[in-house]
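Asks: Before we start, here is the structure in question, set down as structure tokens.
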Amino acid sequence: MDVHKKFTFDDPEDSYWNESASTSFFEDPKEAASAARLALASLAESRDNFSGSARPAAGSVASGDDSVSIADSDRPMSEMEAEFRSKVGVTSTPIRKPNREVASVFNESGGSLTDFRINGNTPKTHFSTASIVSDNSIGSYTSESTVHLDYSRLKSEHRKLQRHLEFVRAERFKPPSPEEAVRRLCACQPVALDFYRSRQNKVDLLDAALVTLDRDVIVRVVLFLKSSVSNAIFREVLIFKPDAAAAYLSHLRESGDTDELIDSLYALGRSDEAAMIEFTAATKRRDTASKVQSLKKCLVSGFSDPTLSSEANAVRDYINLLERQIPIDSTDEDMAKSGGETVFKQFPKKATLIGQPLLTTLYYCCLYHYDLPKNSYASPLSIREVFNIGDREFHWMAMSALARHRRYDEIEKVMTSKKLLAATKIICPLPWNAFFSLIFKYGAPPKDVLARWLRAVPDLEERLKICESMAEAREIQIETLIALKDRQKLTALISKMTPHTVEHNKAHIALANTAYKWKN
Numbered sequence: 005m006d007v008h009k010k011f012t013f014d015d016p017e018d019s020y021w022n023e024s025a026s027t028s029f030f031e032d033p034k035e036a037a038s039a040a041r042l043a044l045a046s047l048a049e050s051r052d053n054f055s056g057s058a059r060p061a062a063g064s065v066a067s068g069d070d071s072v073s074i075a076d077s078d079r080p081m082s083e084m085e086a087e088f089r090s091k092v093g094v095t096s097t098p099i100r101k102p103n104r105e106v107a108s109v110f111n112e113s114g115g116s117l118t119d120f121r122i123n124g125n126t127p128k129t130h131f132s133t134a135s136i137v138s139d140n141s142i143g144s145y146t147s148e149s150t151v152h153l154d155y156s157r158l159k160s161e162h163r164k165l166q167r168h169l170e171f172v173r174a175e176r177f178k179p180p181s182p183e184e185a186v187r188r189l190c191a192c193q194p195v196a197l198d199f200y201r202s203r204q205n206k207v208d209l210l211d212a213a214l215v216t217l218d219r220d221v222i223v224r225v226v227l228f229l230k231s232s233v234s235n236a237i238f239r240e241v242l243i244f245k246p247d248a249a250a251a252y253l254s255h256l257r258e259s260g261d262t263d264e265l266i267d268s269l270y271a272l273g274r275s276d277e278a279a280m281i282e283f284t285a286a287t288k289r290r291d292t293a294s295k296v297q298s299l300k301k302c303l304v305s306g307f308s309d310p311t312l313s314s315e316a317n318a319v320r321d322y323i324n325l326l327e328r329q330i331p332i333d334s335t336d337e338d339m340a341k342s343g344g345e346t347v348f349k350q351f352p353k354k355a356t357l358i359g360q361p362l363l364t365t366l367y368y369c370c371l372y373h374y375d376l377p378k379n380s381y382a383s384p385l386s387i388r389e390v391f392n393i394g395d396r397e398f399h400w401m402a403m404s405a406l407a408r409h410r411r412y413d414e415i416e417k418v419m420t421s422k423k424l425l426a427a428t429k430i431i432c433p434l435p436w437n438a439f440f441s442l443i444f445k446y447g448a449p450p451k452d453v454l455a456r457w458l459r460a461v462p463d464l465e466e467r468l469k470i471c472e473s474m475a476e477a478r479e480i481q482i483e484t485l486i487a488l489k490d491r492q493k494l495t496a497l498i499s500k501m502t503p504h505t506v507e508h509n510k511a512h513i514a515l516a517n518t519a520y521k522w523k524n
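Take any residue in the sequence shown, count from 1 to its spot, add 4: that is its number in this note's numbering.
Listed below in structure tokens is the structure:
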């Protein structure tokens, strides 16, 4: 039987389709065991026949022939051997006669085969292994039976695969149930979602995905729904499926699709979130002109909601600040490059003004443009009026910039109250402790200015505490102790002072004066 022909199927392309794991490939049929037993019995019988053929009857040797008959090939077969041969399909052939080399051995011995039997010296005929194994051997039986069994198994597997292939082809264009499709998606198996055509089928598929609570599967179904239905239907489905909407919005945030995220939030009625995301996206633009345009757009769209009126005012102020910073920064850059202003040489400009906060912009204008009139874009007074900056914020930034310039007269002007019917008085808009810390940050002022400011502190205890923190205020400290009538602290202060100095002599004179009524 031609083995190659046996394994050539009608459709070789389908021979390895989706192999079934329920049946082992090497599972032998029931005939295999009986066939093997028959093969072993036939082998034993053939060996007995072969060994007995070495003693033929007298006269069985032809005198004029070169070959000697070893066994009778026409021996009748046993019932077991006949049954085995009928199953396996192997035709037995007679055992070969000895070749001429064997006959020459008998001739050289000087006697016949009968003489060898008489003398008891039966010659050992040297048959080749191939001549024994070729026909009635166990190897030939096993090879033929294995081929037969393998062919039967492969034919059975082929029939199973053909049936499975027919089933797959029949189900090829039929969509699976939503539960089955979702199960395949959860198992990361390929699923053709395009077979779900109607809206109801797609909604059922989304419901089945929501049951699994698997975010990836839900997003996959939602994206399929978005690509296969109109935008209005898609937004409507998201409104009625909040879990699907949450998964979709999370996917948009991770993917960075800001435009779709904003549109989806507006469609879902979450205008406050959409407005903030739109504002954040606008502020991230690097180009200033496009940033201003985006902010104006989001002011019209997102912050037009009446509930976001305070946020809209903040966005509007931010737009005004950017529109003010752009010309100021451009003009100052040109002036710094030309070297026309000494202030840019004394305090070099290290960064751009565009995009800086409001108080930083105010400090910048106080540092470089403090003397400009109110109608100028860069005037600190103009910025204060436009953006409604409070007194403390304005005075802190103005005093900080003026202290850096050491313009103490201007600082005193800021602190001096101007009333029509009252005398001028130094009033600090800041806490006195914070004010002196700010002034000493850039160096100590002159003694007369410092004494004038310290005497303006109304609270004696606070004035004494401030004077104790600075060595330049010994004279004001002595005056404060005399005003507090604290003899012990004044005596302790004298012990720390250098003798014969002006402050030391003043303290001694105060202690010796009997007009003071000390409290201790």
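Built from N, CA and C at the ideal position, the CB exists for glycine as well. Because the structure is a prediction, the values reported are computed rather than measured.
Here's the rule: buried if 16 or more other CB atoms are within 10 angstroms of the residue's CB, otherwise exposed. What is V506?
Replies: Under this definition V506 is an exposed residue.
Asks: Please go through the same chain and pick out, in chain order, the residues whose beta-carbon is closer than 8 Å to the beta-carbon of L326, but skip the five residues on each side of it.
Replies: So the qualifying residues of the chain are T292, K295, V296, L299, I358 and G359.
Asks: Okay, do the region 479-495 and the region 437-445 touch, 3+ Cβ pairs below 8 Å being the bar?
Replies: They do not touch, by the three-pair rule.
Asks: Between E414 and L406, is the Cβ-Cβ spacing less than 7 Å?
Replies: Yes, the pair counts as a contact, with Cβ atoms nearer than the cut-off.
Asks: Assign C190 to one of two classes, buried (16 or more other C-beta atoms within 10 Å of its C-beta) or exposed (fewer than that).
Replies: So C190 counts as exposed.
Asks: Please name the residue or residues paired with I430 in a DSSP beta bridge.
Replies: Answer is T420, bridged to I430.
Asks: Check whether the region 307-320 and the region 374-384 are in contact - that is, three or more C-beta pairs closer than 8 Å.
Replies: The region 307-320 vs the region 374-384: no contact.
Asks: Tell whether a beta-carbon distance below 7 Å holds between K489 and K523.
Replies: Taking 7 Å as the Cβ cut-off, K489 and K523 qualify as a contacting pair.
Asks: Just verifying my parser: in three-state terms, what is the DSSP assignment at N324?
Replies: If DSSP states are grouped into helix, strand and coil, N324 belongs with the helices.
Asks: Whose CA, out of M501, I486, T502 and K500, lies closest to the CA of A516?
Replies: Of the candidates M501, I486, T502 and K500, the one whose C-alpha sits nearest the C-alpha of A516 is I486.
Asks: Verify whether the separation of the beta carbon atoms of G260 and A278 is less than 7 Å.
Replies: Not closer than 7 Å, so no.
Asks: Once the 5 residues before and after C471 are set aside, which same chain residues still bring their CB inside 7 Å of it?
Replies: Around C471: L458, A477, I480, Q481 and T484.
Asks: In whole angstroms, give me the CA-to-CA distance for R219 and P310.
Replies: Their Cα atoms are separated by approximately 35 Å.
Asks: Taking 8 Å as the threshold, find out whether the region 155-170 comes into contact with the region 183-203 through three or more Cβ pairs.
Replies: Taking 8 Å as the limit for Cβ pairs, the verdict is that the region 183-203 does not touch the region 155-170.
Asks: If you draw a straight line from the alpha carbon of A519 to that of Y368, how long is it in whole angstroms?
Replies: A519 and Y368: Cα-Cα distance of roughly 54 Å.
Asks: Buried or exposed for A185, going by 16 or more other Cβ atoms inside 10 Å?
Replies: So A185 counts as buried.
Asks: Compute the Euclidean distance between the alpha carbons of M403 and L253, then round it to the nearest angstrom.
Replies: Approximately 49 Å, taken between the alpha carbons.
Asks: Helix, strand or coil: how does DSSP classify F391 here?
Replies: F391: coil per DSSP, three-state reduction.
Asks: Considering only the alpha carbon of each residue, which of K301, H373 and G344 lies closest to I332?
Replies: When each option's Cα is compared against that of I332, the closest is H373.
Asks: Can you tell me where the alpha helix (DSSP H) with Q492 in it begins and where it stops?
Replies: Segment R491 to K500, the alpha helix (DSSP H) holding Q492.
Asks: If you follow the alpha helix (DSSP H) that I513 is in, where does it begin and where does it stop?
Replies: Taken as a continuous stretch (DSSP letters only), the alpha helix (DSSP H) holding I513 covers V506 to A516.
Asks: How is K206 classed by DSSP in three states: helix, strand or coil?
Replies: Helix, per DSSP.
Asks: Can you tell me whether K206 is buried or exposed? The criterion is at least 16 other CB atoms within 10 Å of its CB, across all chains shown.
Replies: So K206 ends up on the buried side.
Asks: Taking just the CA atoms, how far does R320 sit from S232?
Replies: Each residue's alpha carbon lies about 41 Å from the other.
Asks: If you draw a straight line from the alpha carbon of K500 to that of N437, how long is it in whole angstroms?
Replies: Their Cα atoms are separated by approximately 24 Å.
Asks: Is the distance from the Cβ of L362 to the Cβ of F391 below 7 Å?
Replies: In this structure, F391 lies closer than 7 Å to L362 by Cβ.
Asks: Is R290 helix, strand or coil by DSSP?
Replies: Coil.
Asks: Excluding the 5 residues preceding and the 5 following C370 in the sequence, name in chain order all residues of the same chain whose CB lies nearer than 6 Å to its CB.
Replies: Excluding sequence neighbours, C370 sits near P384, M401, A402 and A405.
Asks: Helix or strand or just coil, what does DSSP make of R411?
Replies: DSSP places R411 in coil when its eight states are reduced to three.
Asks: Rounding to the nearest angstrom, what Cα-Cα distance links E239 and R187 in this structure?
Replies: The sequence shown places Arg at residue 239, not Glu. Between R239 and R187, the C-alpha separation is close to 26 Å.
Asks: Thinking C-beta only, is A460 closer than 7 Å to I430?
Replies: Yes, the Cβ-Cβ distance between I430 and A460 is below 7 Å.
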